[in-house]
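In this note's numbering, the protein residues as written are 583 to 719.
Each residue gets a CB set at the ideal place from its N, CA and C atoms; glycine is no exception.
Since we're looking at a predicted model, the values are computed, not measured.
The following block contains the structure:
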């Protein structure tokens, strides 16, 4: 059970890292132009960068949990997994956000995917926390 949940967390971390890189507005050739003619990335680009920062520790947590270790270590890593899953949800919704236009790819694909992946990360990490009380396989 622990190895299966750890593999799911690793896959979710990959999803959290890859989807924003492919679905932000900058990857579609869009950017904001300032009054002085400079182009700057939109909010969704910065959300994608932040999500990469969430995905790395989440993936490492999944990799570390694949190894045999003490129950309290597994439970501690699971708590960090819950926190990373929460951040994966908060970045596109509250902390940074995505573009305001509902027709943009970041609103249609990136945001819902990150919310779903973050929610599943929380669930898988919480399940790891609970199963750490049982005998290790």
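Outcome for residue i when other beta-carbon atoms lying within 10 angstroms are tallied against a minimum of 16
i, result
"residue 606", "buried"
"residue 602", "buried"
"residue 634", "exposed"
"residue 640", "buried"
"residue 667", "buried"
"residue 630", "buried"
Pairwise C-alpha distance: residue j and residue i
i, j, result
"residue 646", "residue 622", "38 Å"
"residue 619", "residue 613", "11 Å"
"residue 615", "residue 636", "29 Å"
"residue 719", "residue 644", "Caution is warranted here: a pLDDT of 49 is assigned to residue 719, below 50, making its placement in the model unreliable, and the coordinate value is therefore given only provisionally. Distance between the alpha carbons of residue 719 and residue 644: 16 Å."
"residue 594", "residue 617", "40 Å"
"residue 702", "residue 663", "11 Å"
"residue 679", "residue 700", "15 Å"
"residue 746", "residue 627", "The first residue shown for the chain is 583 and the last is 719, placing residue 746 beyond what the model contains."
"residue 659", "residue 642", "10 Å"
"residue 610", "residue 705", "32 Å"
"residue 669", "residue 693", "13 Å"
"residue 591", "residue 683", "31 Å"
"residue 661", "residue 677", "21 Å"
"residue 587", "residue 648", "9 Å"
"residue 712", "residue 650", "16 Å"
Expected contact under 8 Å - CB spacing of residue i and residue j to nearest Å
i, j, result
"residue 625", "residue 710", "No, residue 625 and residue 710 are not in contact; Cβ-Cβ is about 32 Å, not under 8 Å."
"residue 675", "residue 697", "7 Å"
"residue 714", "residue 673", "The Cβ separation is near 27 Å, so there is no contact."
Opening and closing residue of the alpha helix (DSSP H) in which residue i lies
i, result
"residue 602", "584–605"
"residue 703", "693–713"
"residue 626", "625–648"
**Study point:** the stretch 685–692 contacting the stretch 651–667, beta-carbon criterion three pairs below 8 Å
**Key:** no
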